[in-house]
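Single-structure report; data block below.
Protein chains: 2
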Amino acid sequence: MKHSLTSLLLVVFLLSGHTCTLGAEVINVADHGIVPGKDVTFAVNQLIQDVLDKDGVTLQFPKGQYDFYPENAIEKYRAVANHDNGLKRMGFPLFDCQNITIDGGDSTFMFHGRMVPVTMDHVRGATLKNFSIDWIRSFHAELTVVESNANEQSFVVQVDPEAYPYTLQDSKVLFQRFGQEDPIGSNIVFDPTTRAPLHNTRDYSVNSSRAKVTQAGGNRLRITDAVKKSPPVGSVLVVYGVHPTSRLCPAIHVTNSQDLRIENVTVREAGGMALIVERTNNITLDHMVVTSNQDHLVATRADATHFIGCKGTIKLDDCLFEHMLDDGINVHGAYVKIEKYLGDREFLCEISHFQQWGLTFAEPGDRVALLSRETILPFAETTVENVHVLNEHRFVMTVSEVPESLPDGPMSVENLTWYPDLEMRNNIIRENRARSVLVTTKGKVLIENNHFSSQMHGILIEGDNNKWYESGAVGDVTIRNNVFENIGFSGSQNYPLLASPLLNGAQRMGAGHYHRNIRFSGNTVKSFNGLLVQARSVSGLTIEANTLEFSDDYPAADPGPTIDLDYCDHVTIRANTVTGFARPLTIQQSSDTTNVTIEDNRGFHVVP
Amino acid sequence: MKHSLTSLLLVVFLLSGHTCTLGAEVINVADHGIVPGKDVTFAVNQLIQDVLDKDGVTLQFPKGQYDFYPENAIEKYRAVANHDNGLKRMGFPLFDCQNITIDGGDSTFMFHGRMVPVTMDHVRGATLKNFSIDWIRSFHAELTVVESNANEQSFVVQVDPEAYPYTLQDSKVLFQRFGQEDPIGSNIVFDPTTRAPLHNTRDYSVNSSRAKVTQAGGNRLRITDAVKKSPPVGSVLVVYGVHPTSRLCPAIHVTNSQDLRIENVTVREAGGMALIVERTNNITLDHMVVTSNQDHLVATRADATHFIGCKGTIKLDDCLFEHMLDDGINVHGAYVKIEKYLGDREFLCEISHFQQWGLTFAEPGDRVALLSRETILPFAETTVENVHVLNEHRFVMTVSEVPESLPDGPMSVENLTWYPDLEMRNNIIRENRARSVLVTTKGKVLIENNHFSSQMHGILIEGDNNKWYESGAVGDVTIRNNVFENIGFSGSQNYPLLASPLLNGAQRMGAGHYHRNIRFSGNTVKSFNGLLVQARSVSGLTIEANTLEFSDDYPAADPGPTIDLDYCDHVTIRANTVTGFARPLTIQQSSDTTNVTIEDNRGFHVVP
């Protein structure tokens, strides 16, 4: 009997496909002089260096606050997608290792300068768990409006100089952050009662280069010549600097890795995103939290999580993302410009967006699609044989075969191998600037049982080759049984679901449809503006059994049709219910939308 | 007979110690598509990559202009001493190779962007010859003064917008250079008749941050609120930007290399120095020229040549360096701060000057001296066993032995192994901002038969641990039979020879003398100010058989003693001759100067 059980366990273990970590070493970091109350950076860097070549080590931190300073930190030049590249000093430099676990024991890792707390590069099978990341000082400043003079378009803010030390010079305010002097730069007004961006916050946007800032006594600053409309007294102007120094410090940077887990990790602050992941195969976030600490309204300077050029499965369970200055999650690939066909199956390629410079776009063996740069519709597929990186901006890509004739117009390329599946269950994303979810991937997407309450779109399925260059026309998306609450409280025409390539500049719709097979069903939408779904260039769209309930949390608004279809095909709108609105809600479709079935809905008015 | 001769040649060859390059390959670059009239960057980068592992290759360029653009250039993050570190795009990326020769065939290599034309890193036995380096656009701007209003402290300059495109914004002028917008920043007024900095140019220095710049019609700009004294009509205000974007592009960067030759190479422009050399063993410059092209008064943004932490012999023969915005040559080591003794023979060290960050200060086997940070006098020597680089700023150095007790005061360290000999013969350095020669090295220095005419000191033997952190108290310097002409035409108290540690801030003189054994003899000094030698903390100084002739090229001046001795020992002043001065010239010595012999001089007056 006993023998059989052992055999069975062995079989199960072998079948599970995991790397062997039985008997793995657990290191109490206190045994290496890593204790609260001092700068542990050097000791942590050193201990990591010493264990990198071991398989299956756990670094166990006894609970406490551990302080990290930049002075003695390991540094490397790093390209970080969607951030500002540069020399990065690191708290946990995890390079080329496998099955390492950082178990924080519910500790706080407190950072004291411009650092990247965690870097994972060529890591297999790592787990980060049970810690929070915070900084001793914010990468933004929160300024409370104490006087608002609508007629003069000027207002006065109160600054806490302990939290946000500043200098005034030539009518400009500069915030001192970790050795830098940051101007106002990007900014948004928050509402301290909702801990979210103020309704219609765009009205109060400060023109940083035009703003004149003068002393108004007692750490109060008067801001003039900068706004169309003065923000109300009691609201909080959040200012967060300018490129190329405002996105230097994501909390966690992952690249070229696989089989990772982030579990019970909280990020309270970051000079960038909480988590940016590049070219990684399988990653699970379980109870990851991004939130502001009690002293601040705002958490991270940018997105909670962002994934570019990944594969395998991205899985998010039971996460909470709130108070960020950008999106909750964004999953996409990259459209890269083909600068020139050099002949001999070689293409000179140029990474299009400056915050993708340095990206590993492709490696030998990857399948890529060649596309029209204007319609972003593919005309050929081929396999990468070699990539010769010239600089962060350009590379030469050799492929296995090239079509007999290439189109006359401009071309782009996307990597088909590196698109992930996405599974999101039981997550909350709310009270942030911008969207809850952006997703463009050719993988299978399942978004269910989540709660979304974002200022702009709830879920944006976009894709563009003219602004962010985020690729990945979708092919299989299910969005079901989620709650969308007060989506679009920015006051613009923001939908719980918008699926449309971004068409601007030279972009235009091609003959084929861009996105395919999107199912939006069983969702509960609590709404002050009556918006549900906008779709353009989608073939295969089902909007089914959703409930749209009127909410009076924000002033009622009527910014557009409830369902808006433009150049879509095979659309089913069935069994949706509207309750509580004082006006009829509309379904609108363009004349080139085809094969639409609308049935059994309650409370809609179909516009011909 | 024949046999014997062959044997003899073989013996001579073997004894000469050169690496075998018989039968070395000569490649005509035209055979690889590298021809004038197109962007050759990619092809040159590629060809270099293909030959790096060969020994003794010559790349032969047929005469012509070859154009290099940054778009497709190979790029690496590079720390470059005395420059601004960052991503560098390269024309000739020479890494890890030996006995390569780049023979330009008298061609011009024309650069079209922010690039480093030549990089040599871990190169043995290379030769660069027969080419000139130029840029399509300057890293500075030359603005001709067309109106000068002394009473208003304002003036008007004429700008050539083709050569120096600019924008005006908020009363500031920004010059567009290769994608950057550079403010006035550093500046100096040149005299177009002498093609050198104007006499007393400091009077006209423009305060860039205070300056108000407005349109004065027809590409004329009025500059107000910026100068103590308006520069004269006809003079040329040269403006050259600010750190950290004003020293990104030296023309030639050499590091960790040995046995190099630069021969008949001309540098007409650089966004930094013409040549910066780090940690290199033996380098010869023969007929190297730094000069401005016909369109400009000014050549390089910084020094003609600069050597930090080298060994072997630095040899300069028949070079011409003129019209630079900084020194002709500077040879020195680095004083590095000891932040903390960590115990176990480990020192936490910090590179002191921000433009030395990233320097390879030492490697295992190097002898280093530990010194008082204040007096820069050594108290111990030891050998480096390990260097663990933490970041560009700090490293941990393990040494073989540590004194039983370390001093209480702050400590520094210098590298004794990496000090070179310097031989300079038959060179001309003139018409530049700043000095002709700076040299601090423990090696043997011979400077003979050169012609120097610089705005500040002729030869500066300094060393400091509080500003530039340039180490290398000298021990054997001979300066003979040179001509010094109008040294110090900046108008300050600048000497043909100044030998003194820079004492400022916390620096102070120690009990021992800092410099030793300097001989200044047989030189001809043509002077409007009657200055010859100033020395402080020198033991062993001979000033002999020099001729000091009055020159009326600049207004006669009397800024200080002709020979000025402060805390010197063993000084001989013998057989020097003064002619043509209307006043008696003085020799002055401090009361703590000892063992002075003054004899057989003509035209001097000794001040007690």
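So the protein lines, in turn, are chains A and B.
Numbering of the first sequence is given in UniProt numbering, commencing with residue 1 and proceeding in unit increments.
Numbering of the second sequence is given in UniProt numbering, commencing with residue 1 and proceeding in unit increments.
Heads up, the beta-carbon is just placed ideally off N, CA and C, and yes, glycines get one too.
Proximity of Asn595/B to chain A, defined by a Cβ-Cβ separation below 8 Å, is not satisfied. Pairwise C-beta distances place the region 140-155 of chain A in contact with the region 207-226 of chain A, as three or more of them are shorter than 8 Å. Within the region 48-80 of chain A, contact with chain B at the beta-carbon level (separation under 7 Å) is assigned to Glu71, Asn72, Ala73, Ile74, Glu75 and Tyr77. Within the UniProt domain "GLAA-B beta-barrel" (141-237) of chain B, complete beta strand (DSSP E) segments of at least 3 residues are found at 141-149, 154-158, 166-169, 172-177, 180-182, 187-191, 212-215 and 220-224, given in chain order.
Within chain A, the residues whose beta carbon sits less than 7 Å from that of Glu392/B are Glu75 and Leu87, listed in sequence order. The Cβ-Cβ distance between Pro403/B and Glu374/B does not fall below 8 Å. For Phe42/A, the enclosing alpha helix (DSSP H) has its first and last residue at Thr41 to Val51.
According to the DSSP secondary-structure assignment, Gln589/A is paired through a beta bridge with Leu565/A. The three-state reading of DSSP puts Gln355/B in helix, counting H, G and I together. Inter-segment contact for the region 389-400 of chain B and the region 297-317 of chain B is absent: fewer than three beta-carbon pairs are separated by less than 8 Å.
Distance from the CA of Thr300/A to the CA of Trp468/A, rounded to the nearest whole angstrom, comes to 20 Å. Under the three-state reduction of DSSP output, Val445/A falls in the strand class.
Looking at the backbone, the Cα of Leu297/A and that of Ala506/B are separated by about 45 Å.
Between Arg536/B and Asp566/B, the C-beta spacing is below 8 Å.
Counting along the chain, His451/A sits inside the beta strand (DSSP E) bounded by residues His451 to Ser453. In this model, Gln158/A and Leu143/A are separated by some 6 Å (Cα to Cα).
His457/A carries a coil assignment under DSSP once its states are collapsed to helix, strand and coil. Annotation for Val387/A: Phe361, Ala362, Glu363, Pro364, Phe395, Val396, Met397 and Thr398 place their beta carbon closer than 8 Å to its own, counting only its chain and skipping 5 residues before and after. Per DSSP, reduced to three states, the secondary structure at Ala362/A is coil, with no helix or strand assignment.
Looking at the DSSP output, Tyr69/A sits in no beta bridge, so it has no partner there. In the DSSP annotation of this structure, the continuous segment of the beta strand (DSSP E) that includes Pro93/A starts and ends at Gly86 to Gln98. According to DSSP, residue pairing for Pro378/A in a beta bridge involves Leu371/A. A Cβ-Cβ distance of about 6 Å is found for the pair Asn486/A and Ser453/A, placing them in contact under the 8 Å criterion. With respect to the C-alpha of Lys172/B, the residue from Gly37/B, Val265/B and Ser208/B having the closest C-alpha is Ser208/B. Burial state of Ala30/A is exposed, judged by a 10 Å Cβ sphere holding fewer than 16 other Cβ atoms. Annotated three-state conformation of Asp327/A is coil, per DSSP. The Cβ-Cβ distance between Ser186/A and Gly241/A falls below 8 Å.
Rounded to the nearest whole angstrom, the CA to CA distance from Arg177/A to Tyr166/A is 9 Å. For the set Arg268/B, Tyr164/B, Pro232/B and Ile262/B, the Cα lying nearest the Cα of Met110/B is the one of Arg268/B. Note on geometry: alpha-carbon atoms of Asp259/B and Gly328/B lie some 22 Å from one another.
Looking at the DSSP output, Glu549/A sits in a beta bridge with Lys526/A and Thr579/A.
Within the same chain, Ile27, Val29 and Ile102 come within 6 Å of Leu59/B by CB-CB distance, once the 5 residues on both sides are set aside. Non-local C-beta neighbours of Lys212/A in its own chain, meaning closer than 6 Å and more than five positions away in sequence, comprise Ser171, Thr224 and Asp225, ordered along the chain.
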